[in-house]
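Before any comments, here is the structure.
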Amino acid sequence: MNDSTLPSRPWFKYIFSGLTVFLLLLAAMGSYVAVRFWSHSASAALVWALPAFVFFLMALLPAIFYLCLKLNVRNGFFYFAQRYCVRLYFPLILFLGERLRIDKELLVKELVQYNNKYVIKRHGNTLAPQDLLILLPHCLQVRDCDYRVTTDIGRCVGCGRCSIHHFVRIGKEYGVNICTATGGTLARRIIREQRPRAIVAVACSRDLYSGLSDTFPLPVVGVFNQLHHGPCIDTSVDTSAVEGAVRQLLQKNYV
Ligand code: SF4
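Under numbering that gives the first Met the number 0, the first residue of the sequence shown carries the number 0, and numbering increases by one thereafter.
Okay, structure coming up:
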């Protein structure tokens, strides 16, 4: 959501396109060899045809996913292709990106950026406040604060030393639920108990990526926190980005 944190080059998109074209080429080559072999030996032809078919499917599903997104088509093919991309294709792209020495954090930020656009486009102005959950990492609270907000953000007395007091205000103003979690297990428990229809989640790139995969197909808008003092210590976040996402998701009569 915060444009200043976005990568300057769309590496994720480059790898997505490159990998899809590469798989199609492999499929075409395998099919060509299979056809050439067919008149001599059917079994030899099959040895080439089967992997060609698998490569073709591997490339076809992301292409379907991309086209459906662009054409705003939502059907069974789209959801199947989406599941395939989230579970297999995107992790493969991140893996290849790492092998190509592209910063994984940049790739994840780009992926989250696409995800956010999709979630806002699909679910924008459709939610009531009780359907929305803002999930925060506990490290947004400064270490030496005496008021533990992990169980109840309302304990914050608003001294202004960290971002938490902004979220107290956002919670009151929009009526949305706000929880802080000390880790993935607690976050999953909160989601299970509250059963939101959508989440605005603040996290570092690593946690946000695993969170998006874990909670799929639940729509999640991700906002990165800033790690000025290293991971998990006194982090901060652009609260206007979180508030912007909330305003975009809520029905118009609530904002
Ligand atoms: S703003 Fe709230 S949570 Fe943050 S340090 Fe002050 S009292 Fe603690």
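Even for Gly, the Cβ is constructed at its ideal location relative to N, Cα and C.
Extent of the continuous alpha helix (DSSP H) to which residue i belongs
{"i": "P23", "result": "Sequence check: residue 23 is Leu here, not Pro. Counting along the chain, the alpha helix (DSSP H) containing L23 begins and ends at W10 to W37."}
{"i": "I152", "result": "No alpha helix (DSSP H) holds I152; DSSP gives it neither H nor E."}
{"i": "A41", "result": "A41 to L70"}
{"i": "V141", "result": "Premise fails: V141 is in no alpha helix (DSSP H) and is neither H nor E."}
{"i": "Y78", "result": "G75 to Y83"}
{"i": "T184", "result": "G183 to Q193"}
{"i": "R98", "result": "F89 to R98"}
Paired residues, beta bridge with residue i - DSSP
{"i": "V201", "result": "V222"}
{"i": "N176", "result": "L132"}
{"i": "H227", "result": "G229"}
{"i": "S235", "result": "Q225"}
{"i": "L126", "result": "L249"}
Cβ neighbours of residue i in the same chain (closer than 6 Å, five flanking residues each side left out)
{"i": "V254", "result": "R246"}
{"i": "T160", "result": "Position check: residue 160 holds Arg in this sequence, whereas Thr was assumed. So the list reads V141, once near-sequence residues are dropped."}
{"i": "A48", "result": "A33"}
{"i": "C84", "result": "P61 and F64"}
C-beta contact flag for residue i and residue j at 8 Å
{"i": "I301", "j": "L139", "result": "Nothing in the structure corresponds to residue 301, since the chain is present only between 0 and 254."}
{"i": "F55", "j": "A80", "result": "no"}
{"i": "L135", "j": "T181", "result": "no"}
Same chain, Cβ closer than 8 Å to residue i, neighbours up to 5 away in sequence not counted
{"i": "A244", "result": "M0, N115, I119, V199, V220 and V222"}
{"i": "K103", "result": "L93, G96, E97 and S204"}
Other residues of its chain near residue i: CB distance less than 7 Å, five sequence neighbours each side excluded
{"i": "A44", "result": "A33, F36 and W37"}
{"i": "Y146", "result": "R154, C155 and V156"}
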